[in-house]
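A.B. asks: Read in order, the letters of the sequence shown are residues -16 to 346 in our numbering.
After the structure tokens below, expect a handful of questions from me.
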Amino acid sequence: MTRAAALTFAAIFWTALPTLPQSQPESQYWLYVAAESEDQVSLLRYGPEGFEVRKTVGVGIRPTAIEGPHGLQVAPDGEHWYVSLAHGNPFGSVHKFQTGTDAWEGAVEVGMFPATIDVAASTDLLYVANFDLHGDMKPGTISVVETGSMVEVARVEVGVMPHGSRLNDAGDRHYAVMMMSDELVEMNAWGFAVSRRLKLGADPASHQGHDMPGMPMAVAKPTWVEPAPDGRHLYVALNGVNEILEVDIGSWTVSRIFASAAGPYNIGLSPDGRWLVVSYRADGSTGVWDLREGVELVRIRNSRSLTHGVAMSPDSRYAFVSVEGVGAEPGAVDVIDLEAGERVASVEVGKQASGIAFWKMEE
């Protein structure tokens, strides 16, 4: 399929979902969100009583500096959560906390500006993308951490400004996108080596790129990759050209291209494979897509103007979206009812709300 044909096939149809009567959920949904300009992680609960902050945990270790908690993930067994502190001297770090008590259990120094985190259920190895914002552009790395001892066991060079660190369900393949070298990279998660690369976006001549000393031409500027529940596809946000790509893992080719709103940033996929949820950072909104048809069903205005992360509930009913805020404005987390296609709740958190991760669901 040509690029032009794919874009035509995936054109947005402005068909809104029907409005359903709002009701409070019967279950309790628990999640964590980081506040990058507060050095805080908040524990949130959404349930019959509403949406509330249950606890706020300080995560910085330097009392006179903001260290920038950015990436956040809950271990697959639900026993621990991990947060990356982006600012260090010179390197960043990843910290381990126990869920429930939120007690600190250890930390490890990794690369420069560690961002997105994922943890493999099969090995308990943690993978963090070292985004590296310092100095001239140069290849960044993925740090691999053994979570029992919190020891870095490998640091793999991948590309310029890696982000969107994500594992497949088996935990044997790791995926990340390179924001400033326009690549999707697959890594053997057990052998700690790059296995495949895919160049993303159109010919640079067809778009306005950035060509600065020490910085490669970046056009597509991918910011996120998310493996699909079917195990056969990946979905990639191209922040620079306002597109979502569907990548066939087997053939390692782009199978569909979806034109999106401005600044697609993070992606969430519902466990049932029905919904694709995209945060539009530049647009201050969140898109809900029918994944099978490749059609955006509704675009929802967020409670703040800089939309960031997406966490999906395990029952495929809700998307929880972190929204940064501007300047001294508090951040927030919005709840989107995917069946109703509406924002049904919001709660304020610390400034520059960023990484967000689902913990548990209770009946």
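The beta-carbon is built from N, C-alpha and C at its ideal position, and this holds for glycine as well.
With distances taken between CB atoms, is the gap from E50 to D85 smaller than 7 angstroms?
C.D. replies: Result no, Cβ atoms of E50 and D85 do not sit closer than 7 angstroms.
A.B. asks: Considering only residues of the same chain and omitting the five flanking positions on each side of F341, which have a CB-CB separation below 6 angstroms?
C.D. replies: Around F341: L14, A294.
A.B. asks: Could you say which of S243, H157, D266, Y248 lies nearest to G277 if we only look at CA atoms?
C.D. replies: Checked all of S243, H157, D266, Y248; the closest Cα to G277 is S243.
A.B. asks: Is the separation between the beta-carbon of V327 and that of D320 shorter than 7 angstroms?
C.D. replies: Yes.
A.B. asks: Report the option in A18, S20, L27, A17 whose CA atom is closest to the CA atom of Q11.
C.D. replies: Ranking the options by Cα distance to Q11, first place goes to L27.
A.B. asks: To the nearest angstrom, report how far apart V202 and W258 are at their CA atoms.
C.D. replies: Their backbone Cα atoms lie some 27 angstroms apart in a straight line.
A.B. asks: Scan the region 129 to 198 and note each continuous beta strand (DSSP E) run of 3 residues or more that stays entirely inside, going in chain order.
C.D. replies: DSSP runs (the beta strand (DSSP E)) wholly in the region 129 to 198: 134 to 143, 145 to 150, 156 to 161, 166 to 171, 176 to 182, 193 to 195.
A.B. asks: Going by other Cβ atoms of all chains shown within 10 Å of its Cβ, with 16 needed for buried, is V134 buried or exposed?
C.D. replies: By the neighbour-count rule (16 or more Cβ atoms within 10 Å), V134 is not buried but exposed.
A.B. asks: Touch check for the region 327 to 339 and the region 286 to 300: three-plus C-beta pairs under 8 angstroms?
C.D. replies: Short answer: they touch.
A.B. asks: Whole angstroms are fine: how far does the CA of G267 sit from the CA of T(-2)?
C.D. replies: Its pLDDT being 32, under 50, T(-2) is placed unreliably in this model, and the value from its coordinates should be taken loosely. In a straight line, the C-alpha of T(-2) is about 19 angstroms away from that of G267.
A.B. asks: Buried or exposed for P205, going by 16 or more other Cβ atoms inside 10 Å?
C.D. replies: Result: buried.
A.B. asks: Considering only C-alpha positions, which residue in the set L150, L217, L228, R149 is nearest to G184?
C.D. replies: That would be L228, whose Cα lies nearest to the Cα of G184.
A.B. asks: Using a threshold of 7 angstroms, state whether the C-beta atoms of L150 and W235 are closer than that.
C.D. replies: Cβ distance not < 7 angstroms, so L150 and W235 don't count as in contact.
A.B. asks: Closest by CA to E140, which one among N113, M162, D155?
C.D. replies: Of the listed residues, the one whose Cα sits closest to E140 is N113.
A.B. asks: Is the shortest distance between the beta-carbon of E209 and the beta-carbons of chain D less than 7 angstroms?
C.D. replies: The chain labelled as chain D is not found in the depicted structure, where only one protein chain is given.
A.B. asks: Determine the extent of the beta strand (DSSP E) in which W258 is found, giving its start and end residues.
C.D. replies: Its beta strand (DSSP E) spans residues 258 to 263.
A.B. asks: Quick check on P31: buried or exposed, where buried means 16 or more other Cβ atoms within 10 Å of its Cβ?
C.D. replies: By the 10 Å Cβ count, P31 comes out exposed.
A.B. asks: Given that a residue counts as buried once 16 or more other Cβ atoms are within 10 Å of its Cβ, and exposed if not, what is A220?
C.D. replies: Buried.
A.B. asks: DSSP state of G292, grouped into three classes?
C.D. replies: In the structure shown, G292 sits in a strand (DSSP, three-state: E or B).
A.B. asks: What does the Cβ neighbour count give for S164, buried or exposed, with the cut at 16 atoms within 10 Å?
C.D. replies: By the neighbour-count rule (16 or more Cβ atoms within 10 Å), S164 is buried.
A.B. asks: Got a sec? Which residues, its chain only, sit under 6 angstroms from V16 by beta carbon, not counting five neighbours each side?
C.D. replies: Within the same chain, V16 has close Cβ partners S25, S305, V316, V332, A336, I339.
A.B. asks: Which class does I232 belong to by DSSP, given the choice of helix, strand or coil?
C.D. replies: Three-state result, I232: coil.
A.B. asks: Is K79 buried or exposed, if buried means 16 or more other CB atoms sit within 10 Å of its CB?
C.D. replies: Its Cβ being crowded by 16 or more others within 10 Å, K79 is buried.
A.B. asks: Hey, G174 and P212: beta-carbon distance below 7 angstroms or not?
C.D. replies: Not a contact, by the Cβ cut-off of 7 angstroms.
A.B. asks: Would you kindly check if the distance between the Cβ of V136 and the Cβ of V91 is under 7 angstroms?
C.D. replies: For V91 and V136, no; Cβs fall outside 7 angstroms.
A.B. asks: Just the C-alpha distance for G61 and V237, rounded to the nearest angstrom, thanks.
C.D. replies: About 34 angstroms.
A.B. asks: Output the distance between the C-alpha atoms of E226 and V160, rounded to the nearest integer angstrom.
C.D. replies: Using only the alpha carbons, I get a separation of about 14 angstroms.
A.B. asks: Out of curiosity, what's the CA-to-CA distance linking E169 and V261?
C.D. replies: Their backbone Cα atoms lie some 22 angstroms apart in a straight line.
A.B. asks: Does the separation of the CB atoms of F96 and G83 fall below 7 angstroms?
C.D. replies: Not closer than 7 angstroms, so no.
A.B. asks: Of all the options H63, P73, P122, which has the alpha carbon lying nearest to the alpha carbon of D101?
C.D. replies: The shortest C-alpha separation from D101 is found at H63.
A.B. asks: Does the separation of the CB atoms of E19 and H53 fall below 7 angstroms?
C.D. replies: Taking 7 angstroms as the Cβ cut-off, E19 and H53 qualify as a contacting pair.
A.B. asks: If M144 and D119 are in contact, beta carbons under 8 angstroms, what's the gap, nearest whole angstrom?
C.D. replies: Rounded, the Cβ-Cβ distance is 12 angstroms, inconsistent with contact.
A.B. asks: Is it right to say T47 is buried, meaning 16 or more other beta carbons lie within 10 angstroms of its own, or is it exposed?
C.D. replies: Exposed.
A.B. asks: G131 to L109, Cα distance in whole Å?
C.D. replies: Between G131 and L109, the C-alpha separation is close to 10 angstroms.
A.B. asks: When you compare only the Cα positions, how much space is there between Q7 and G33?
C.D. replies: Between Q7 and G33, the C-alpha separation is close to 7 angstroms.
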